[in-house]
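Numbers in our numbering are just positions in the sequence shown, counted from 1, shifted up by 10. All remarks here apply to the structure that follows.
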Amino acid sequence: MTLTTQAREVIARGRQVLSQLRELGSAYDSTDESNPLTVFYDDTVSMMDTAMRTVALLPQAASGQSYICRGLDVMLTEIYDRLRTLEIGHERRRRRIQDIGTLGEILSELQTNQTIHTVDLERFAERIIEQVELGHPIDFIHESPEYPQAFAAAHGLTTAQVMARLVKFDPEMRMHSVSAIVASLVHDVGMLSVPPEVLMTSGSLEGEARRKVESHTTTGARWVLPLFRDAPWLVEAVAGHHERLDGSGYPDGAKGDNVKPFTRLLAVCDVYAAMMVPRPHRPARSSRTALADTLMMADLK
Numbered sequence: 011m012t013l014t015t016q017a018r019e020v021i022a023r024g025r026q027v028l029s030q031l032r033e034l035g036s037a038y039d040s041t042d043e044s045n046p047l048t049v050f051y052d053d054t055v056s057m058m059d060t061a062m063r064t065v066a067l068l069p070q071a072a073s074g075q076s077y078i079c080r081g082l083d084v085m086l087t088e089i090y091d092r093l094r095t096l097e098i099g100h101e102r103r104r105r106r107i108q109d110i111g112t113l114g115e116i117l118s119e120l121q122t123n124q125t126i127h128t129v130d131l132e133r134f135a136e137r138i139i140e141q142v143e144l145g146h147p148i149d150f151i152h153e154s155p156e157y158p159q160a161f162a163a164a165h166g167l168t169t170a171q172v173m174a175r176l177v178k179f180d181p182e183m184r185m186h187s188v189s190a191i192v193a194s195l196v197h198d199v200g201m202l203s204v205p206p207e208v209l210m211t212s213g214s215l216e217g218e219a220r221r222k223v224e225s226h227t228t229t230g231a232r233w234v235l236p237l238f239r240d241a242p243w244l245v246e247a248v249a250g251h252h253e254r255l256d257g258s259g260y261p262d263g264a265k266g267d268n269v270k271p272f273t274r275l276l277a278v279c280d281v282y283a284a285m286m287v288p289r290p291h292r293p294a295r296s297s298r299t300a301l302a303d304t305l306m307m308a309d310l311k
């Protein structure tokens, strides 16, 4: 069969797009249906397969080839646009893994009382602020509690993103945005002291297991003290991010005005970030449910 110039160009374009799509294949595990981009990738592959099968239907007549090529061109444009989305998603995922690793190392250094340069954490905070200013959505990051270092780092990154969006509306805290976000990044460092098997518990915690989890607040505060020697209010917030206004929180059961404003704010960010991702004892909440529950916890009317 003699192909028209238009048909040859469309086929060449299709091969190029197919090659790029194959390169991304390893980044999207087809068994991970919980990742929306994996489903998006599989759908894009199906579209590409349909486009390639359509090539086999090209007729001899030039007019018929032209008609089908116009349709193929539209399909390839859509596939190419989806490819860009997948590449952006892959790059964000790569950066996310890198960030979890970097922050995890910092948390480990805090645990072992190594010298931490706040500039590294401040760079994290400034990049998060920049993402907010650019209108990026929150990337709800989570890692398995089986790996406490990665678990605490992922939760810290999500909490910091929530903090960056709320702190700018607080007239008093706005001047301390970077410090507030840095505290959010490291607030759960005490989780590194909790055994993975306790963090992986799918039921309610009782007795010693519960005490180990609740102790992460005071342990974390002790570990971040060298980092925040000139900002005791940040240490206090790390220690108190599980306190509740009604006195039902821990470690001290502080109530009402005894829970300082920034501690309240960090608690709100911590709860919302936690609710939006799955945990061993529950699935992730919807954004609406998580927001409603967080507002109730914060006693906001």
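Here a beta-carbon is modelled for each residue, glycine too, at the ideal position from N, C-alpha and C. If you're wondering where the values come from, they're calculated on a predicted model, not measured in any experiment.
Nearest to residue i by CA position, among the options, is which residue?
{"i": "P7", "options": "L167, F272 and Y38", "result": "Outside the modelled stretch of the chain, which goes from 11 to 311, sits residue 7, for which no answer is possible."}
{"i": "M11", "options": "P46, L93 and A66", "result": "A66"}
{"i": "S118", "options": "M285, L176 and D198", "result": "D198"}
{"i": "A190", "options": "L202, G200, M201 and Q171", "result": "Q171"}
{"i": "V245", "options": "L255, A231, H252 and D256", "result": "A231"}
{"i": "G250", "options": "A302, S214, S194 and L237", "result": "S194"}
{"i": "Y157", "options": "E115, A302, S29 and G74", "result": "E115"}
{"i": "V192", "options": "A71, F179 and T168", "result": "T168"}
{"i": "R106", "options": "A22, F161 and V129", "result": "F161"}
{"i": "V248", "options": "D256, F238 and L255", "result": "F238"}
{"i": "M307", "options": "G259, A174, N268 and R175", "result": "G259"}
{"i": "R86", "options": "N45, V223, V27 and E136", "result": "Residue identity differs from the one stated: residue 86 is Leu in this sequence, not Arg. Comparing Cα positions, the closest option is V27."}
{"i": "S226", "options": "S297, R298, H252 and P69", "result": "Note on residue identity: the sequence assigns His, not Ser, to residue 226. The shortest Cα separation from H226 among S297, R298, H252 and P69 belongs to H252."}
{"i": "G200", "options": "I126, V223 and F179", "result": "V223"}
{"i": "D52", "options": "M62, R32 and T15", "result": "R32"}
{"i": "R103", "options": "A72, P46 and H127", "result": "P46"}
{"i": "L113", "options": "H127, V269 and Y77", "result": "H127"}
{"i": "H100", "options": "A294, Q30 and L68", "result": "Q30"}
State the beta-bridge partners of residue i as determined by DSSP.
{"i": "R289", "result": "R292"}
{"i": "K265", "result": "D256"}
Just how far apart, CA to CA, sit residue i and residue j?
{"i": "A163", "j": "G217", "result": "26 Å"}
{"i": "T95", "j": "G111", "result": "24 Å"}
{"i": "A277", "j": "D91", "result": "40 Å"}
{"i": "T229", "j": "L202", "result": "9 Å"}
{"i": "V20", "j": "Y38", "result": "27 Å"}
{"i": "L310", "j": "A241", "result": "Model confidence at L310 stands at a pLDDT of 44, short of 50, so the residue's coordinates are unreliable; what they give is reported in the following sentence. Answer to the nearest angstrom: the Cα atoms are 27 Å apart."}
{"i": "Q124", "j": "P236", "result": "9 Å"}
{"i": "H152", "j": "R25", "result": "36 Å"}
{"i": "T64", "j": "G145", "result": "40 Å"}
{"i": "F134", "j": "I148", "result": "15 Å"}
{"i": "D130", "j": "R274", "result": "26 Å"}
{"i": "Q141", "j": "V84", "result": "33 Å"}
{"i": "A302", "j": "D262", "result": "26 Å"}
{"i": "R292", "j": "M173", "result": "24 Å"}
{"i": "T304", "j": "S56", "result": "40 Å"}
{"i": "Y282", "j": "G81", "result": "46 Å"}
{"i": "E136", "j": "S36", "result": "32 Å"}
{"i": "S212", "j": "S297", "result": "22 Å"}
{"i": "S179", "j": "M185", "result": "Note on identity: in this sequence residue 179 is Phe, with Ser being the wrong assignment. Answer to the nearest angstrom: the Cα atoms are 11 Å apart."}
{"i": "L255", "j": "D267", "result": "8 Å"}
{"i": "V269", "j": "D280", "result": "15 Å"}
Does the Cβ of residue i lie closer than 7 Å to at least one heavy atom of the ligand SAH?
{"i": "R274", "result": "The ligand SAH is not part of the structure shown, which contains no ligands of any sort."}
Could you check whether residue j and residue i sit closer than 8 Å to each other, using their CB atoms as the reference points?
{"i": "P155", "j": "P205", "result": "no"}
{"i": "L93", "j": "T60", "result": "no"}
{"i": "E88", "j": "L34", "result": "no"}
{"i": "V177", "j": "S187", "result": "yes"}
{"i": "F150", "j": "V49", "result": "no"}
{"i": "A17", "j": "C79", "result": "yes"}
{"i": "A300", "j": "M285", "result": "yes"}
{"i": "V208", "j": "A219", "result": "yes"}
{"i": "P290", "j": "M183", "result": "no"}
Subject >> Segments of 4+ residues assigned as alpha helix (DSSP H) that fall wholly inside the region 94-161 >> reply: 128-143
Subject >> Length at least 4, wholly inside the region 40-75: the alpha helix (DSSP H) runs in chain order >> reply: 46-65
**OP:** Would you mind listing the alpha helix (DSSP H) stretches within the region 185-260 that are 4+ residues and don't spill past its ends, in chain order?
**Re:** 187-196, 206-209, 217-224, 226-234 and 242-250
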